[in-house]
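A short worksheet on the structure shown next.
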Amino acid sequence: MKMLSRIVVTGVGLTAPNGNNIAEFRANLLAGKANISLIDVRYMGKHPAGICDYEKTRYQSRRELRTSTRAGSIGIYCAHEAIKDAGIDFEHFDKSRIGVYVGTTEHGNVETENEIYTISQFGYDTKFWSHHHNPRTVANNPAGEITINMGITGPHYTIGAACAAGNAGLIQAAQMLQLGEVDLAIAGGVSESPGTFGIFAGFKNQTALAAHEDPNKASRPFDKSRNGIVISEGGCLYTLERLEDALARGAKIICEIVGWHINSDAGDTVLPDPVRQAECMRAALKRAGLTPQQIDIVNTHATGTSKGDVQEMIAMRDVFADCPTTYVNNTKGFIGHCMGAAGTLELAGNLGAFEDNLVHPCINIDELDPDCSFPTLVVGKPQKADKVEYILNNSFGMLGINSTLIVKKFNH
Amino acid sequence: MTAESIKKIVLDIVAEIAPDEDLSNVKPDLRLRDQLSLDSMDFLDIVMELRKKYGIEVPEGDYPRLASLDSCAEYLAPKFAEKGI
């Protein structure tokens, strides 16, 4: 069998509730700055949510924005920013050899709810239902909008993988590059979830929706008083290339993707299974040829629900039981749960550690839940590590989907 | 309603649909799609906005009659009158 190419990340474009590029995002994570607002949710009143304030018209005309979905708009912003960061001569790049793989937790709920609301104002007469509904709600919408905006004629699709979708987008891209299907991939995840009241109502009735008088304190994974998820939007897309191609064009290489795995709990629809999570992490480590001790940072998925955080820590203690230099953190205290974008955004927040050896902290842990304790959990302030060579990123989702991605510092 | 008022209504709708377009020099006797960057979905938006804002229905067979501002005014005048607008 032919040796598979090594896959590297050469560009990052993102928008998060607390940053519209990787430098701003990283600085706020190190400074402990969350940015969660109270928004009006249709039919439900005010709830905390993470909202992005990226410059929408940087890459889209106002006319495009009128018909674009929020997920499409976020994707377009992130894709352009990633290409710019990668320093690719995009104008002369063969657009038929670019693949766009975008992870989403859900898509179409926002647009469908909006149309139902519109026709409710006209006695539920469907002749007032927008002709834009179908192109807005097809599952490939966020990825397809990117191709239309950028003139990319290679393959595009979304990866529906609940909250594991961001990692899944990167894994799909790596595989397509290794298969030689494309020469450049734009991949990651996006979320427009705060626009749908259904996700708020669903989590609320599941007793898993965060509430706090101070919105910036609402998302508190591992804290004893955590009470649920803060729903957020955001996006983070990377440019991925085969190592030989990146070296040939003299690209700045941010990191190498060295291991990954996706598996399924095959059990409960919402309660995570630590046994399968641990299996997922071990399989990714095996693919990378690493021991748990070699991992320097683990970014946890923990969302701030009472049970999910505990389950994840059971898996963590199983895999990383004897790893005194493996630091553990979490990003959701700062930005809430960015759903399809969570995996790639949270990984992006840790990439700066390859340069500064700083592990950003978890925030909003006023009293650590003993059931969520971990010896090297970084709480409150950044932790200086002796070295950061490997980062392991976990993202788990409903219907029992688990994803682990491992990246390695690239030594030029 | 005067022809000029109807043209303004249509132009206001076009301004919402195509907010980046310069509408200051739209010629009333020329096809809108020849002067502005409007596609078939945009055109359907004009039909939808007439329906939502004024309760005016434009059957598919009559779509060509909305081609220019002049033809809009001619076609829509009796419909606005019917609605008592």
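So the sequences go chain by chain: C and D. Those letters in the first sequence? Residues 1 to 412, by this note's numbering. Those letters in the second sequence? Residues 1001 to 1085, by this note's numbering. For glycine and all other residues, C-beta sits at the position ideal for the given N, C-alpha and C. Fair warning: this is a prediction, and the values are worked out from it, not measured in the lab.
At a cut-off of 8 Å between beta-carbon atoms, Arg62 of chain C makes contact with chain D.
Taken in chain order, the complete alpha helix (DSSP H) segments of 4 or more residues contained in the region 369-404 of chain C number zero; there are none. Neighbours of Phe128 of chain C in chain D, taken as residues at a C-beta separation under 8 Å, are given in chain order as Met1048, Arg1051 and Lys1052. Contact annotation for Ala1015 of chain D against chain C: no contact, minimum CB-CB distance about 11 Å [criterion: below 7 Å]. The DSSP assignment places complete alpha helix (DSSP H) segments of no fewer than 4 residues inside the region 122-197 of chain C at 133-137, 141-150 and 165-178, in order along the chain. Looking at the backbone, the Cα of Ala210 of chain C and that of Asp223 of chain C are separated by about 12 Å.
Chain-order list of chain C residues neighbouring Leu1044 of chain D: His131, by C-beta distance under 7 Å. In the pairwise beta carbon analysis, the region 332-350 of chain C is classified as touching the region 11-28 of chain C: at least three pairs are separated by under 8 Å. Of the other Cβ atoms in all chains shown, fewer than 16 fall within 10 Å of the Cβ of Tyr43 of chain C; this residue is therefore exposed. Out of C:Val100, C:Leu38, C:Asp356 and C:Thr196, the CA that lies nearest to the CA of Glu115 of chain C is found in C:Thr196.
Taking CB atoms only, Arg66 of chain C has a neighbour in chain D less than 8 Å away.
Here Val230 of chain C is not near Val102 of chain C, since their CB atoms are 8 Å or more apart. Check the Cα spacing between Val100 of chain C and each of C:Ile76, C:Arg62 and C:His107: the tightest is with C:Ile76. When only Cα atoms are considered, Gln277 of chain C and Thr118 of chain C end up about 42 Å apart.
DSSP, reduced to helix, strand and coil, places Thr118 of chain C within a helical segment of the structure shown. Within the region 1017-1039 of chain D, contact with chain C at the beta-carbon level (separation under 9 Å) is assigned to Ile1017, Ala1018, Pro1019, Asp1020, Glu1021 and Ser1037.
About 20 Å separates the CB atoms of Ala164 of chain C and Phe334 of chain C; that is not less than 8 Å, and the two are not in contact. Between the alpha carbons of Pro194 of chain C and Lys1027 of chain D lies a gap of roughly 43 Å. As a beta-bridge residue in DSSP terms, His337 of chain C pairs with C:Ile231. With fewer than 16 other CB atoms across the displayed protein chains lying within 10 angstroms of its CB, Met1041 of chain D is exposed. Under the three-state reduction of DSSP, His47 of chain C is assigned to strand. No Cβ of chain C is located within less than 8 Å of the beta carbon of Met1001 of chain D. Taken through DSSP and simplified to helix, strand or coil, Asp223 of chain C comes out as strand. In this structure, Asn28 of chain C lies away from Gly50 of chain C, with their beta-carbon atoms at least 8 Å apart.
Only exposed fits Glu213 of chain C, as fewer than 16 other CB atoms lie within 10 angstroms of its CB. By the Cβ rule, the region 294-304 of chain C does not count as touching the region 245-257 of chain C, because fewer than three pairs are nearer than 8 Å. Counting C-beta pairs closer than 8 Å gives fewer than three between the region 231-251 of chain C and the region 371-383 of chain C, which falls short of the contact rule.
Remark: C-beta atoms of Ile1013 of chain D and Ile1046 of chain D approach each other more closely than 8 Å. DSSP places Ala288 of chain C in the helix class (H, G or I) of the three-state scheme. Leu347 of chain C and Val1010 of chain D have their alpha carbons spaced roughly 49 Å apart. For the pair His80 of chain C and Asn21 of chain C, the Cα-to-Cα distance works out to about 12 Å.
Annotation for Leu14 of chain C: the continuous beta strand (DSSP E) segment containing it runs Ile7 to Thr15. For Glu1082 of chain D, DSSP records no beta bridge to any residue.
By the Cβ rule, the region 240-247 of chain C counts as touching the region 166-178 of chain C, because three or more pairs are nearer than 8 Å.
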